[in-house]
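The sequence shown begins at 0 in numbering that gives the first Met the number 0 and counts up by one.
Glycine is no exception: its CB is placed at the ideal position from the N, C-alpha and C atoms.
See below for the structure under consideration.
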Amino acid sequence: MLWVGIVLAVQGFGSFLTERIWDTKFGVTALLGDDSPSWVGLAIGVVGLAVLAYCASSRSRKSVHN
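Below is the structure:
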């Protein structure tokens, strides 16, 4: 689950920045096509951060109980 969060965060934020700086799509949003709005990459990155936060909280709960 940790790797999913990392990949989503990198792909999402990387695609958003690539589109803003170089006007080209990258990764996941490139696969979605030219019809997708620019905020989709940002949303994918935020979902990745949410998954990473969930993994971090899950690990901290496990370490408290042990």
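Please classify residue i as buried or exposed, where buried requires at least 16 other C-beta atoms within 10 Å of its C-beta.
| i | result |
| --- | --- |
| residue 23 | exposed |
| residue 50 | buried |
| residue 7 | buried |
| residue 20 | exposed |
| residue 44 | buried |
Between residue i and residue j, which are expected to be in contact by the criterion C-beta below 8 angstroms, what is the C-beta distance as a whole number of angstroms?
| i | j | result |
| --- | --- | --- |
| residue 30 | residue 11 | Going by Cβ atoms, the distance from residue 30 to residue 11 rounds to 13 angstroms, so no, they are not a contact pair. |
Leaving out the 5 sequence neighbours to the left and right, which residues in its chain are closer than 7 angstroms to residue i when beta-carbon positions are compared?
| i | result |
| --- | --- |
| residue 26 | 10, 13 and 14 |
| residue 48 | 8 |
Hey, out of the options, whose CA is closest to residue i's CA?
| i | options | result |
| --- | --- | --- |
| residue 4 | 58, 57, 56 and 46 | 46 |
| residue 17 | 39, 56 and 57 | 39 |
Following the continuous alpha helix (DSSP H) through residue i, name the residue where it begins and the one where it ends.
| i | result |
| --- | --- |
| residue 12 | 1-21 |
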